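**Q**
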Amino acid sequence: MSTRLVKKIAIVFGAGSAGTGWGNGKAVAVAFAREGARVICVDRLLAAAEETAQIIAEEGNEAEALRADVTDYDAVATAVAAGETRFGRIDILHNNVGLPEAGGPEDLDEESWRRALEINVGGVWRTCKAVLPGMRARRQGAVINISSVASRRWTGVPSFAYAAAKAAVNQATVSVAMQYARDGIRANAILPGLLDTTVADECRAAGTPDAGRDRRVPLGRLGEAWDIAHAAVFLASDEARFITGVCLPVDGGQSCSMAALA
Ligand SMILES: NC(=O)c1ccc[n+]([C@@H]2O[C@H](COP(=O)([O-])OP(=O)(O)OC[C@H]3O[C@@H](n4cnc5c(N)ncnc54)[C@H](O)[C@@H]3O)[C@@H](O)[C@H]2O)c1
C-alpha cells in the first residue's frame, strides 16, 4: 500500500457516484484510502456513500458511510461530528458536490439560480463552517474544493449560474487559504475539464454532438475521474505542504487553448 496519506482522516462530501462507473467523488475517496487515509464518505444518498465505503473496505482499508445533504447545515455538522467521534479528528476536507445547472440568464428562474448557488458554493461554505474549527484547534488541515474550468472559461454551453457559482468556489478557496494560513490550514481548488464520467456516458447514449468533445482537449482525450483523484491526493498530502490558495486546472490543457481543435 502507498502511504502518502497514512494516519490522515479524510471526509469527502459527494463521495458517491451518479452513474455505475467512477465519478470524481468515488475515485477520490478510494484513492485517499489507497494512500492510507481513513475516509468518511458522505453523500445525499446513503446507498451511494455505502457503495464507496464498501469498495474501500473490500480493499482492506477503513471507511465510514454517512448521509448528509450539503444544503442542510445541521446535517453537515452532524456528519462531521459523527466522523470526528469515530476517528478522533478530520485532517482533509474534500468538497466534491456540484450541480451542472444549464442555461443562460434568460433561461433560469429563481429556483434554479438559487439551487445552483446553494449546492455549488453554499455546500462549500457549510462544510468549511463545520470542519474548520477542529482543524484550527489542531493547527493543521487541508481543504480541497472541486470547481470547474467553466469557472474561468466559456465552455460553449450556456451555464450562467454554474459558471458563477464555480467562480465563487475559486475565490472562497483563496479566502479560506489566506484567512487560515497561519493556523496551518491549506486550501486549494481543482478545476476539472472535460471528463469521461457519467456526463460523457449520457452524451454518448444520446448521440449528441458533445460525444465528440474529446477533440476539444489539447491532449486529445477526455480526462478520467482518476486524473482528479490523483491531483487531490497530491494536494491533500504533505508533499503539497507549501501549496495553498491555488486553483489547479486538471483539463488536458483545455483552459490554455484558444484553438478549435480538430
Ligand atoms: N464530470 C465532469 O465532466 C466534470 C467537469 C467539471 C467539474 N466537475 C465537478 O465534479 C464534481 C462532481 O463529479 P462526480 O463525477 O463525482 O459527480 P457525480 O454526479 O457522479 O457524483 C456526485 C455525488 O454527489 C452527491 N450529491 C449530489 N448533490 C448532493 C448534495 N446536495 N449533498 C450531498 N451529496 C450530493 C450525489 O448523490 C453523487 O453521489 C462536481 O463538483 C462537478 O461540478 C465535473
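Following my numbering, the numbering of the sequence shown begins with 61 at its first residue and continues without gaps.
Positions of the beta carbon are idealized from the N, C-alpha and C atoms, including for glycine.
Bear in mind that the values here come from a model prediction, so they are computed numbers and not experimental data.
Determine which residues share a DSSP beta bridge with Val72 and list them.
**A** The sequence position of residue 72 within the sequence shown is 12, counting from 1. Paired residue(s): Cys101 and His154.
**Q** Among Ala291, Val306 and Gly313, which one has its Cα closest to the Cα of Arg64?
**A** Here residue 64 is taken as the residue at index 4 of the sequence shown, counted from 1. Of the candidates Ala291, Val306 and Gly313, the one whose C-alpha sits nearest the C-alpha of Arg64 is Ala291.
**Q** Following the continuous alpha helix (DSSP H) through Arg94, name the residue where it begins and the one where it ends.
**A** Position 34 of the sequence shown holds residue 94. Its alpha helix (DSSP H) spans residues Asn84 to Arg94.
**Q** So does Gly183 have its beta carbon nearer than 7 Å to some heavy atom of ligand 1?
**A** Position 123 of the sequence shown, counted from the first residue, corresponds to residue 183. Gly183 Cβ: within cutoff of ligand 1.
**Q** Three Cβ pairs or more, each shorter than 8 Å: is that satisfied between the segment 135-154 and the segment 86-104?
**A** The segment 135-154 vs the segment 86-104: in contact.
**Q** How would you label Met238, buried or exposed, when you count the other beta carbons within 10 angstroms and need 16 or more for buried?
**A** Numbered from its first residue, the sequence shown carries residue 238 at position 178. Counting Cβ neighbours within 10 Å, Met238 comes out exposed, since fewer than 16 surround it.
**Q** Quick test of your reading: Lys226 and Ala210, contact by CB under 8 Å. State the CB separation rounded to the nearest angstrom.
**A** In the sequence shown, the residue the question calls residue 226 occupies position 166. In the sequence shown, the residue the question calls residue 210 occupies position 150. That belief holds up - the Cβ atoms of Lys226 and Ala210 are roughly 6 Å apart, short of 8 Å.
**Q** With DSSP as the reference, label Ala249 as helix, strand or coil.
**A** As a position in the sequence shown, residue 249 is number 189, starting the count at 1. Residue state, collapsed to three classes: strand.
**Q** Are there 16 or more other CB atoms within 10 angstroms of the CB of Cys316, so buried, or fewer, so exposed?
**A** The count along the sequence shown starts at 1 and reaches residue 316 at position 256. Cys316 is exposed by the Cβ-count criterion.
**Q** Ala89 and Ile116 - do their beta-carbons sit closer together than 8 Å?
**A** In the sequence shown, residue 116 corresponds to position 56, counting from 1. In the sequence shown, residue 89 corresponds to position 29, counting from 1. Yes, Cβ-Cβ distance for Ile116 and Ala89 is below 8 Å.
**Q** Ignore the nearest five residues each way along the sequence and tell me which others in Asn230's own chain have a CB closer than 7 Å to its CB.
**A** What you label residue 230 is simply residue 170 of the sequence shown in a count that begins at 1. So the list reads Ser207, Ser211, Ala249 and Cys307, once near-sequence residues are dropped.
**Q** Please list the terminal residues of the continuous alpha helix (DSSP H) segment that includes Glu171.
**A** Residue 171 sits at position 111 when you count from the first residue of the sequence shown. Counting along the chain, the alpha helix (DSSP H) containing Glu171 begins and ends at Glu170 to Leu177.
**Q** Judging by CA-CA distance, which residue of Val277, Trp286, Phe220 and Ala300 is the nearest neighbour of Gly201?
**A** To locate residue 201, count along the sequence shown from 1; it is residue 141. Checking every option, the nearest Cα to that of Gly201 belongs to Ala300.
**Q** Quick one: complete beta strand (DSSP E) runs, 3+ long, within the segment 110-146?
**A** Runs found: 123-127.
**Q** Starting from Val310, follow the beta strand (DSSP E) in both directions and report where the run begins and ends.
**A** For the purposes of this step, residue 310 is taken as the residue at position 250 of the sequence shown. From DSSP, the beta strand (DSSP E) with Val310 extends over Cys307 to Val310.
**Q** Taking the alpha-carbon positions, what's the Trp286 to Trp173 distance?
**A** The residue given as residue 286 occupies position 226 in the sequence shown. The residue given as residue 173 occupies position 113 in the sequence shown. Trp286 and Trp173: Cα-Cα distance of roughly 30 Å.
**Q** Check Val203 in the structure and name its three-state DSSP category.
**A** Translated into positions along the sequence shown, residue 203 becomes position 143. Correct three-state label for Val203: strand.
**Q** DSSP has Leu255 in a bridge; who is on the other side?
**A** If you number the sequence shown from 1, residue 255 lands on position 195. Answer by DSSP bridge pairing, in chain order: Gly283.
**Q** Helix, strand or coil: how does DSSP classify Ser219 here?
**A** Locating residue 219 in the sequence shown gives position 159, counting from the first residue. Correct three-state label for Ser219: strand.
**Q** Could you check the C-alpha separation between Ala224 and Ala241 for me, to the nearest Å?
**A** Taking the sequence shown and counting its residues from 1, one reaches residue 224 at position 164. Taking the sequence shown and counting its residues from 1, one reaches residue 241 at position 181. Roughly 26 Å separates the two Cα atoms.
**Q** Sort Arg127, Val136, Val181 and Asp134 by Cα distance to Ala107 and report the nearest one.
**A** As a working mapping, residue 107 is identified with position 47 in the sequence shown. Checking every option, the nearest Cα to that of Ala107 belongs to Arg127.
**Q** I'd like the list of long-range same chain contacts for Arg146, defined as Cβ closer than 8 Å, with 5 residues on each side in sequence excluded.
**A** Locating residue 146 in the sequence shown gives position 86, where the first residue counts as 1. So the list reads Ile100 and Glu124, once near-sequence residues are dropped.
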